[in-house]
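Okay, so here's the structure we're looking at.
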Ligand code: DAH
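Residue numbers (our numbering): 3 to 340.
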């Protein structure tokens with residue numbers, strides 16, 4: 003290859019490398035490779051020195067041109083890349099792409115708190131299906147087909163005879179058989195938080211889809227005192243108060259005997275909890291429910307309770323319409339963002 007050809011080759015490769023440099027770092031590498039102390043232009047200079055003297059006139063001109071062409075292209079590219087960085091990083095007036103931040107649903111927030119309190123008291127969190135059998139939702143909870151208590155919990159039936167569970171008590175009856183083997187080894191303490199469904203006219207205090215917490219404990223020598231202590235601990239934690247009082251009124255639920263309705267108040271509270279608020283149902287698990295679950299009621303007793311999370315959340319946040327929770331208007335829900 004003649005020296006002139008070499009000049010041309012280096013010039014063409016150099017120009018291509020400069021054009022391809024995508025940022026200032028890459029360009030600096032090209033600079034070192036071509037214009038650096040041991041760069042390719044230096045090599046050309048060396049070759050020129052060794053050329054025959056009669057060729058030097060033309061070759062000298064060509065060498066200068068090659069040097070200048072590369073240098074100019076380098077400077078131009080450097081200018082281009084620098085202003086590109088400038089406009090990218092300095093245009094503080096450009097509007098930001100808005101960040102749409104999600105938030106945890108207020109019911110989920112309370113659910114998480116309830117689960118945390120029960121976990122701290124040694125309860126396991128259990129779960130069950132929304133589509134439930136008549137057996138677990140009603141029959142094993144001591145609500146036979148002809149019992150008027152079924153009318154109080156009208157539900158959605160599926161064409162295959164299953165139903166949408168009307169309460170999380172169904173998780174009690176479906177959990178018992180799996181406990182029959184190990185019962186007596188340790189107290190059974192379970193809590194379930196989940197959605198339940200009722201065939202219900204929707205208004206500001208009723209929805210067809212809502213959330214319940216069901217808790218139950220089974221062991222030897224369980225009494226109402228254990229029940230009251232557990233409820234008080236849970237409610238104090240969720241309301242974040244230490245002046246919580248509970249009051250039990252006799253009531254009827256087919257799956258407990260005796261059964262109670264529980265009122266709660268916190269005398270030092272502002273707002274609704276200053277006075278008694280009816281919050282949940284509970285009682286000592288009916289012997290028939292234990293027996294149907296394979297647990298001997300002559301040896302073991304237990305308590306159970308069920309409460310609606312929407313009601314608790316509405317009181318806590320002063321929400322006056324239950325439709326907020328399942329509604330599509332996010333403005334309401336976003337106020338409780340966490
Ligand atoms: N399952 C009842 C309901 O949905 C709530 C309930 C009441 C649960 C008393 C219980 C209980 O475990 O003991 O209305």
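Built from N, CA and C at the ideal position, the CB exists for glycine as well.
In terms of Cβ geometry, residue 200 and residue 168 form a close pair [threshold 8 Å].
Selection 142, 63 and 15 evaluated against residue 288 yields 142 as nearest (Cα-Cα).
Just measuring C-alpha positions, the residue of 136, 275, 124 and 184 sitting nearest residue 298 is 184. By the Cβ criterion, the stretch 231-248 is in contact with the stretch 262-272, since at least three pairs of Cβ atoms, one from each stretch, lie closer than 8 Å.
Separation of residue 267 and residue 281 (C-alpha to C-alpha, rounded to the nearest whole angstrom) is 10 Å. Remark: the shortest separation between the CB of residue 169 and any heavy atom of the ligand DAH falls under 7 Å. In this structure, DSSP gives residue 97 a state outside helix and strand, which the three-state scheme calls coil. Annotation for residue 296: no beta strand (DSSP E) segment contains it, and DSSP assigns it neither H nor E. Beyond the five residues adjoining it in sequence on each side, residue 115 comes within less than 6 Å, by CB distance, of 240 in the same chain, given in chain order.
For residue 306, the enclosing beta strand (DSSP E) has its first and last residue at 303-310.
Residue 335 has its alpha-carbon roughly 30 Å from the corresponding atom of residue 96. If you draw a straight line from the Cα of residue 67 to the Cα of residue 26, it is about 24 Å long. Under the 10 Å beta carbon count, residue 62 is surrounded by fewer than 16 other beta carbons and is classified as exposed.
Taking 8 Å as the cut-off, the Cβ atoms of residue 257 and residue 144 count as close. For the pair residue 111 and residue 218, the Cα-to-Cα distance works out to about 22 Å. Taking 8 Å as the cut-off, the beta carbon of residue 166 is found closer than this to the beta carbon of residue 132. Residue 205 and residue 325 have their C-alpha atoms some 7 Å from each other. Remark: the C-beta of residue 117 is outside contact range of the ligand DAH, defined as less than 7 Å to any heavy atom. Between the stretch 28-44 and the stretch 75-83 there are three or more inter-stretch CB-CB distances shorter than 8 Å, so the stretches are counted as touching. Under the three-state reduction of DSSP output, residue 163 falls in the coil class, being neither helix nor strand.
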